[in-house]
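Taking the working numbering, the leading residue of the sequence shown gets 2, the next gets one more, and so forth.
Each remark here refers to the structure printed beneath this line.
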Amino acid sequence: MGKLRFRQVHLDFHTSEQIMGIGEDFDPKLFAKTLKEAGVNSITCFARCHHGMIYYDTKFPAKHPGLKFDLLRAQIEACHEEGINVPIYITVGLDEYIANRHPEWLARNADGTPQGAGPLQAGWKKLCFNSPYIDYVREQTVEVLEKFEGQVDGLFFDIISQAPCYCRYCMEGMLEEGLDPESIDDVKAYAKRVINDFKKNMTALVRQYDKDCTIFYNAGHVGPSIRETIDTYSHLELESLPSGGWGYSHFPITVRFARNLGKEYLGMTGKFHKSWADFGGFKNQASLEYECFMSLAYGAKCSIGDQLHPSGAINQATYKLIGSVFNQVKEKEAWCDDVTAVTELAVFTPEAIEEGHIRLHPSIQGVFRMLTEAHYQFDIIDGCMDFNKYKVIILPDVITLDDELKNKIEDYLNNGGKILVSYKSGMNRDETEFLLEDLGIELAGEAEYCPDYVVTGAAIDKDIMDTEYVMYDRGLWVKPEEGTETLADIWNPYFNRTYKHFCSHFQTPVEKKSEYPAITRRKNVIYFAHPIFSMYYRHGARIYKQLVLNTLDLLLDDKLVVTNAPTTAQVSLNYQSEHDRYVAHILHYIPERRCESIDIIEDVIPLYNVDLKIMLDKEPAKVYCAPSMEELQFTYDGKYVHVVVPEIVGHQMVVFE
Numbered sequence: 002m003g004k005l006r007f008r009q010v011h012l013d014f015h016t017s018e019q020i021m022g023i024g025e026d027f028d029p030k031l032f033a034k035t036l037k038e039a040g041v042n043s044i045t046c047f048a049r050c051h052h053g054m055i056y057y058d059t060k061f062p063a064k065h066p067g068l069k070f071d072l073l074r075a076q077i078e079a080c081h082e083e084g085i086n087v088p089i090y091i092t093v094g095l096d097e098y099i100a101n102r103h104p105e106w107l108a109r110n111a112d113g114t115p116q117g118a119g120p121l122q123a124g125w126k127k128l129c130f131n132s133p134y135i136d137y138v139r140e141q142t143v144e145v146l147e148k149f150e151g152q153v154d155g156l157f158f159d160i161i162s163q164a165p166c167y168c169r170y171c172m173e174g175m176l177e178e179g180l181d182p183e184s185i186d187d188v189k190a191y192a193k194r195v196i197n198d199f200k201k202n203m204t205a206l207v208r209q210y211d212k213d214c215t216i217f218y219n220a221g222h223v224g225p226s227i228r229e230t231i232d233t234y235s236h237l238e239l240e241s242l243p244s245g246g247w248g249y250s251h252f253p254i255t256v257r258f259a260r261n262l263g264k265e266y267l268g269m270t271g272k273f274h275k276s277w278a279d280f281g282g283f284k285n286q287a288s289l290e291y292e293c294f295m296s297l298a299y300g301a302k303c304s305i306g307d308q309l310h311p312s313g314a315i316n317q318a319t320y321k322l323i324g325s326v327f328n329q330v331k332e333k334e335a336w337c338d339d340v341t342a343v344t345e346l347a348v349f350t351p352e353a354i355e356e357g358h359i360r361l362h363p364s365i366q367g368v369f370r371m372l373t374e375a376h377y378q379f380d381i382i383d384g385c386m387d388f389n390k391y392k393v394i395i396l397p398d399v400i401t402l403d404d405e406l407k408n409k410i411e412d413y414l415n416n417g418g419k420i421l422v423s424y425k426s427g428m429n430r431d432e433t434e435f436l437l438e439d440l441g442i443e444l445a446g447e448a449e450y451c452p453d454y455v456v457t458g459a460a461i462d463k464d465i466m467d468t469e470y471v472m473y474d475r476g477l478w479v480k481p482e483e484g485t486e487t488l489a490d491i492w493n494p495y496f497n498r499t500y501k502h503f504c505s506h507f508q509t510p511v512e513k514k515s516e517y518p519a520i521t522r523r524k525n526v527i528y529f530a531h532p533i534f535s536m537y538y539r540h541g542a543r544i545y546k547q548l549v550l551n552t553l554d555l556l557l558d559d560k561l562v563v564t565n566a567p568t569t570a571q572v573s574l575n576y577q578s579e580h581d582r583y584v585a586h587i588l589h590y591i592p593e594r595r596c597e598s599i600d601i602i603e604d605v606i607p608l609y610n611v612d613l614k615i616m617l618d619k620e621p622a623k624v625y626c627a628p629s630m631e632e633l634q635f636t637y638d639g640k641y642v643h644v645v646v647p648e649i650v651g652h653q654m655v656v657f658e
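So this is what it looks like as structure tokens:
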């Protein structure tokens with residue numbers, strides 16, 4: 002077993018200094034007993050919160066004025082008696098106590114205004130990581146390490162981000178290094194180095210006092226930018242509250258990248274109906290099950306966010322809810338620890354090209370939905386990962402190339418790899434020409450018409466009607482070179498819809514076939530002229546998915562997983578080397594947009610007698626459902642193990658041992 006525990010709680014305690022009676026109802030025995038009965042075996046508790054308040058006996062003046070005892074020590078000692086770990090939380094990017102007393106330490110925009118909430122807004126002000134404030138963070142961290150020596154299971158540093166900053170410290174620092182504060186690229190580069198230096202220096206400091214405690218720096222998202230400082234982390238925590246600004250696509254996309262970074266990792270959701278600090282808001286049990294079981298399916302440990310009431314009284318209803326899920330997790334852990342994902346495809350992440358612009362580009366969300374609905378097994382990768390372990394790599398919509406990435410893709414193709422490319426992927430960074438010769442196309446320019454239409458050829462017409470299909474977003478016009486096959490054609494409308502000429506209520510109908518292809522193939526490379534993945538995310542037209550699936554059939558001889566489970570079911574395949582067994586996870590929870598901005602799961606709709614075929618190179622000794630241990634009849638044809646899963650109620654593991 003690794004250091005990370007399976008059943009964790011992240012116990013927020015951001016508590017206004019204007020509230021008194023802090024912790025007066027805290028009962029250490031009841032606190033620990035409630036956690037243990039709920040199956041919790043690790044809980045992150047607070048040393049210092051976003052209000053800047055400190056919750057232990059400290060030399061600093063920021064101890065919460067309403068707290069009369071050492072709350073953090075009481076939490077740690079009560080939990081340790083029950084064998085429950087207590088990582089310690091320390092805020093960094095936000096501290097209202099310090100922000101109000103040292104406005105010169107605030108991060109600032111280019112116009113000099115402070116970043117974060119204004120003087121008449123309820124919210125946080127952002128502090129600069131390049132200011133003397135960081136000395137305070139370091140001193141307070143050392144105090145925690147000294148006061149709780151031998152009791153520090155881990156440290157969780159929060160709000161570890163530095164936007165472009167123009168405070169006096171950053172301005173002086175950039176000028177001293179010969180950087181230009183008027184160049185946004187220089188300002189971003191400086192901010193990135195500031196945050197990276199913070200992590201490196203902080204980890205070195207912590208290790209002077211504690212060689213073993215876990216260390217994590219939270220920025221609300223894990224992507225390719227973490228590589229530069231990955232050695233400063235002991236593990237990864239993937240914060241992803243589906244109802245709190247991340248969405249149900251965020252975790253499964255992020256974890257498919259994070260699981261290949263060589264660190265233990267957990268998925269962090271919340272018990273809240275909405276987002277953090279949603280007091281009195283409770284997530285449906287079905288939603289919480291889905292989120293935790295999804296973590297297990299991707300080889301992650303589980304963390305559920307909660308917030309302790311200022312009185313310190315633990316909410317029994319919350320831990321009845323958490324316990325209803327964690328006590329199920331406990332039964333499943335044996336098949337979920339130390340697993341490796343079994344994959345056939347990879348998707349190159351746009352974050353590696355346009356780092357930090359948005360959390361999830363529409364193209365990555367579109368390709369995720371297509372492949373998940375079709376039950377493909379895939380990773381999300383960047384240019385540092387091994388390409389040759391994948392049969393097909395997808396470059397969705399916006400993966401432009403520099404020489405290094407171009408050469409790596411060409412080496413992959415020369416070694417027998419296959420790629421599916423769409424829209425501007427494969428072009429140079431200036432988007433003026435295609436760099437990959439293997440595409441077999443030449444750029445003619447942006448398509449003149451939008452929307453336009455696509456008509457498929459016989460090679461990719463499976464489950465597609467013989468008609469033209471509208472492509473809602475503008476594509477490119479490309480010219481096929483000799484030896485490049487056209488799989489589908491672009492058909493043009495009579496004209497673009499403008500005030501000068503329009504037809505009926507929506508787009509102009511099709512007129513005639515253009516001279517340009519919509520989809521081409523040259524050897525092991527297939528190209529889509531439209532941003533097909535972003536279009537699927539934005540518009541959801543099934544034809545876009547079907548076109549991609551049909552082209553993947555040309556590139557991939559056999560799928561790892563073949564099933565008649567509906568598109569609402571998610572299937573993932575892991576391998577446990579210690580036990581030499583494969584574990585297939587089938588999840589069937591259906592999020593619904595039942596209100597304005599939140600996807601909700603209330604009902605668990607069972608599936609019965611689901612056909613499942615897994616490609617294995619040898620016949621298993623037995624196949625069974627876990628954790629029930631119900632053995633299943635199976636057949637093996639030399640390539641696929643075929644079973645019928647009798648029932649799936651939310652989550653079912655099928656073990657091939």
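Think of the CB as a built atom: it goes at the ideal place given N, C-alpha and C, for glycine as much as any other residue.
Following the continuous beta strand (DSSP E) through residue i, name the residue where it begins and the one where it ends.
{"i": "residue 251", "result": "Per DSSP, residue 251 belongs to no beta strand (DSSP E); it is in the alpha helix (DSSP H), 251-259."}
{"i": "residue 520", "result": "511-523"}
{"i": "residue 1", "result": "No answer is possible for residue 1: it lies beyond the span of the chain, which begins at 2 and ends at 658."}
{"i": "residue 527", "result": "526-529"}
{"i": "residue 15", "result": "No beta strand (DSSP E) contains residue 15, which DSSP labels as neither H nor E."}
{"i": "residue 587", "result": "582-588"}
{"i": "residue 472", "result": "470-472"}
Around the Cβ of residue i, are there at least 16 other Cβ atoms within 10 angstroms (buried) or fewer (exposed)?
{"i": "residue 92", "result": "buried"}
{"i": "residue 298", "result": "buried"}
{"i": "residue 241", "result": "buried"}
{"i": "residue 13", "result": "buried"}
{"i": "residue 2", "result": "Its pLDDT being 35, under 50, residue 2 is placed unreliably by the model, and the measurement read from it follows with that caveat. Looking at its Cβ environment, which holds fewer than 16 other Cβ atoms inside 10 Å, residue 2 is exposed."}
{"i": "residue 577", "result": "buried"}
{"i": "residue 376", "result": "buried"}
{"i": "residue 260", "result": "buried"}
{"i": "residue 257", "result": "buried"}
{"i": "residue 619", "result": "exposed"}
{"i": "residue 108", "result": "buried"}
{"i": "residue 572", "result": "buried"}
I'd like the span of the alpha helix (DSSP H) that includes residue i, first residue to last.
{"i": "residue 423", "result": "Note, residue 423: premise wrong, no alpha helix (DSSP H); beta strand (DSSP E) at 419-423."}
{"i": "residue 155", "result": "It is not in any alpha helix (DSSP H) - residue 155 instead sits in the beta strand (DSSP E) that spans 155-159."}
{"i": "residue 489", "result": "No alpha helix (DSSP H) holds residue 489; the beta strand (DSSP E) holding it covers 486-494."}
{"i": "residue 32", "result": "29-38"}
{"i": "residue 451", "result": "Neither: residue 451 is in no alpha helix (DSSP H) and is coded neither H nor E."}
{"i": "residue 172", "result": "169-177"}
{"i": "residue 547", "result": "543-556"}
When the distance is taken between beta carbons, is residue j closer than 8 angstroms to residue i?
{"i": "residue 587", "j": "residue 642", "result": "no"}
{"i": "residue 522", "j": "residue 555", "result": "yes"}
{"i": "residue 592", "j": "residue 606", "result": "no"}
{"i": "residue 519", "j": "residue 475", "result": "no"}
{"i": "residue 238", "j": "residue 4", "result": "no"}
{"i": "residue 379", "j": "residue 418", "result": "no"}
{"i": "residue 537", "j": "residue 528", "result": "no"}
{"i": "residue 724", "j": "residue 367", "result": "The first residue shown for the chain is 2 and the last is 658, placing residue 724 beyond what the model contains."}
{"i": "residue 36", "j": "residue 56", "result": "no"}
{"i": "residue 131", "j": "residue 174", "result": "yes"}
{"i": "residue 496", "j": "residue 509", "result": "yes"}
{"i": "residue 89", "j": "residue 10", "result": "no"}
{"i": "residue 284", "j": "residue 345", "result": "no"}
{"i": "residue 350", "j": "residue 225", "result": "yes"}
Would you mind working out which of the options sits nearest residue i, comparing C-alpha positions?
{"i": "residue 245", "options": "282, 507, 224 and 231", "result": "282"}
{"i": "residue 139", "options": "207, 388, 501 and 548", "result": "207"}
{"i": "residue 76", "options": "61, 101, 47 and 104", "result": "47"}
{"i": "residue 41", "options": "204, 323 and 51", "result": "323"}
{"i": "residue 147", "options": "499, 59, 652 and 489", "result": "59"}
{"i": "residue 70", "options": "89, 205, 384 and 25", "result": "25"}
{"i": "residue 422", "options": "178, 398 and 180", "result": "398"}
{"i": "residue 289", "options": "306, 301 and 280", "result": "306"}
{"i": "residue 222", "options": "187, 216, 127 and 269", "result": "269"}
{"i": "residue 318", "options": "347, 280 and 597", "result": "280"}
Secondary structure, alpha helix (DSSP H): runs of 4+ residues fully inside the segment 209-273: 251-259
4-residue-minimum alpha helix (DSSP H) runs that sit fully inside the segment 46-107, ordered along the chain: 72-82 and 97-102
Uninterrupted beta strand (DSSP E) stretches inside the segment 279-366 (no shorter than 3 residues): 302-308 and 346-349
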